[in-house]
Amino acid sequence: MSWDLLLTDCRAATMAEGYGAVEDAAVAIEGDRIAWIGNRGDLPQQSAKETVSLGGRWITPGLIDCHTHLVFGGERAGEFEQRLKGATYEEIAKAGGGIVSTVRATRAASEAELLASAKQRLATLMAEGLTTIEIKSGYGLDVPNERKTLRVARALGREGGVTVKTTCLAAHALPPEFAGKADDYIDLVCNEILPAVAADNLADAVDAFSERIAFTADQTARVFDKAKSLGLPVKLHADQLSDMGGAALAARYNALSADHIEFSAEAGIAAMGKAGTVAVLLPGAFFFLREKQLPPMEPLRRHNVRIAISTDCNPGSSPALSLLLMMNMGCTLFRMTPEETLAGVTKHAAAALGMGDTHGQLRAGYAADLAIWDIDRPAELSYWLGGNPSAGVVQAGRWRSRTF
Ligand code: DI6
Ligand code: FE
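For the sequence shown, counting from 1, position 85 maps to 78 in this note's numbering; every step adds exactly one.
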């Protein structure tokens, strides 16, 4: 028997424990899985169909962006200008702009138009070693448009050379036709939208936005109950702008992740630690909205909550197209270490998508999703502001790109 691909002469951050660094590593790949990884000196005697020297380059698990709203119509640069003149994100939302303006543009866009614009953004993210991305709906807010958005996300997974996990975020905002009738809209989400997307296998998880400008904890719980009855795991946009008890609610439902959580109280963080709910931090949104409230880093660490980092790529609060830049912001804004941010876009991001047993580490049996970098040490991935040290990507055992 021979391996399909053998990579030698590399330094590996396996992420097994901390960086899990192996200074002189080899990685053997069989099909779409890692067959062996370790010290080159310990490599079993076995032939390979293709052997490639990486010339001392670093290799990490392929990066995972575990929270994006990648599929949407239009852009909101005009709103950005309004905010720079003093309007707040919440004021713009209350005046009928914000998320609802992207809902109008997304409903008006054809499936082909949504696919084309999302593909461009995806290509930019993928250039930085991205091998898995989560994509949420949430700008359709009715049965046909939520389905349309999720079909586009699925199509990106089929043709894009990247693994796509989809999340139905129908409970993102109140659509204009339900003004003043939030409970009626939650009825629609529970009785029609979620069953429709589940029937077509369009969603791998269900998310909600629990916030003053979105949905209450009770409404969120109704959405979560429905998701559970459909066999779908849940996630939550929690405590981004105010403390809504979101972290505790997410933990109560054994959510895969609670995201944002800047305003979460310690009891909620402790509950997340017990439930194994991952904290997804989104420094792009914090930066772009010029927020002041930092996520509760010290309680997160004390309660052993796994921390992921993501772009939150969306047109309103985080038009971010670089996961590496988010790693830098995780360090500079949130005081994470470069080791924590790398775990945050690999191992812990995988856990936030329920893929922790198969993705996010360089380990025998795990997916052969690898990023190869022109760097001297892993901290460089969090260090540069711009630039792209990606030297190659192996996706599911096959070369997706290679510059050397
Ligand atoms: N929180 C966010 O940061 C995004 N959605 C959410 O629930 C913002 C989405 C937008 O402004 O379009
Ligand atoms: Fe978001």
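Backbone N, C-alpha and C fix where the C-beta goes; we use that ideal spot for every residue, glycine too.
Pair within 8 Å by beta-carbon distance, residue i and residue j
i: residue 278; j: residue 301; result: no
i: residue 8; j: residue 354; result: yes
i: residue 126; j: residue 365; result: no
i: residue 236; j: residue 208; result: no
i: residue 190; j: residue 143; result: yes
i: residue 117; j: residue 65; result: no
i: residue 95; j: residue 309; result: yes
i: residue 386; j: residue 375; result: no
i: residue 298; j: residue 265; result: yes
i: residue 102; j: residue 134; result: no
i: residue 311; j: residue 59; result: no
i: residue 305; j: residue 275; result: yes
i: residue 0; j: residue 63; result: no
i: residue 229; j: residue 201; result: yes
i: residue 164; j: residue 145; result: no
i: residue 2; j: residue 47; result: yes
i: residue 323; j: residue 334; result: yes
i: residue 30; j: residue 370; result: no
i: residue 398; j: residue 213; result: Not covered by the structure: residue 398. The range shown for the chain is -6 to 397.
i: residue 296; j: residue 254; result: no
DSSP-derived helix/strand/coil call for residue i
i: residue 397; result: coil
i: residue 202; result: strand
i: residue 183; result: helix
i: residue 108; result: helix
i: residue 405; result: Residue 405 is absent from the model: the chain starts at -6 and stops at 397.
i: residue 314; result: coil
i: residue 228; result: strand
i: residue 53; result: strand
i: residue 252; result: strand
i: residue 391; result: strand
i: residue 87; result: helix
i: residue 58; result: strand
i: residue 242; result: helix
i: residue 357; result: coil
i: residue 9; result: coil
i: residue 372; result: helix
i: residue 321; result: helix
i: residue 301; result: strand
i: residue 41; result: strand
Endpoints, the alpha helix (DSSP H) within which residue i is located
i: residue 212; result: 210 to 222
i: residue 94; result: 92 to 101
i: residue 341; result: 340 to 345
i: residue 331; result: 331 to 337
i: residue 262; result: 259 to 268
Residue interval of the beta strand (DSSP E) (run including residue i)
i: residue 26; result: 26 to 32
i: residue 388; result: 383 to 388
i: residue 147; result: Taken as a continuous stretch (DSSP letters only), residue 147 belongs to no beta strand (DSSP E), being part of the alpha helix (DSSP H) at 136 to 152.
i: residue 3; result: -2 to 6
i: residue 123; result: 123 to 129
i: residue 78; result: Taken as a continuous stretch (DSSP letters only), residue 78 belongs to no beta strand (DSSP E), as it is neither H nor E.
i: residue 14; result: 14 to 23
i: residue 164; result: 156 to 164
i: residue 272; result: 271 to 274
i: residue 44; result: 44 to 46
i: residue 364; result: 363 to 366
Contact test: residue i Cβ vs ligand 4 heavy atom, cutoff 7 Å
i: residue 308; result: The model on display carries ligand 1 and ligand 2 but not ligand 4.
Check: Can at least three beta-carbon pairs, one atom from the segment 68 to 78 and one from the segment 9 to 24, be found at a separation below 8 Å?
Finding: no
Next item on the list: Count the CB pairs spanning the segment 139 to 154 and the segment 77 to 87 that are closer than 8 Å, and state whether there are at least three.
Entry: no
Margin query: Taking 8 Å as the cut-off, does the segment 168 to 176 touch the segment 217 to 231 (at least 3 CB pairs, one atom from each stretch)?
Written below: no
Margin query: For the segment 326 to 343 against the segment 134 to 141, do three or more pairs of beta-carbon atoms, one drawn from each stretch, fall closer than 8 Å, so that the two count as touching?
Written below: no
Check: Do the segment 101 to 109 and the segment 158 to 165 make contact, defined as three or more Cβ pairs closer than 8 Å?
Finding: no
Item checked: Stretch pair the segment 118 to 125 + the segment 356 to 365: three plus CB contacts closer than 8 Å -> yes
Margin query: Below 8 Å, how does it come out for the segment 333 to 349 and the segment 232 to 247: are there three or more Cβ pairs, yes or no?
Written below: no
Notebook entry, point to check: Should the segment 373 to 391 be called in touch with the segment 314 to 325, which here means at least 3 C-beta pairs below 8 Å?
Noted result: yes
Check: Do three or more CB pairs link the segment 276 to 290 to the segment 31 to 48 at distances below 8 Å?
Finding: no
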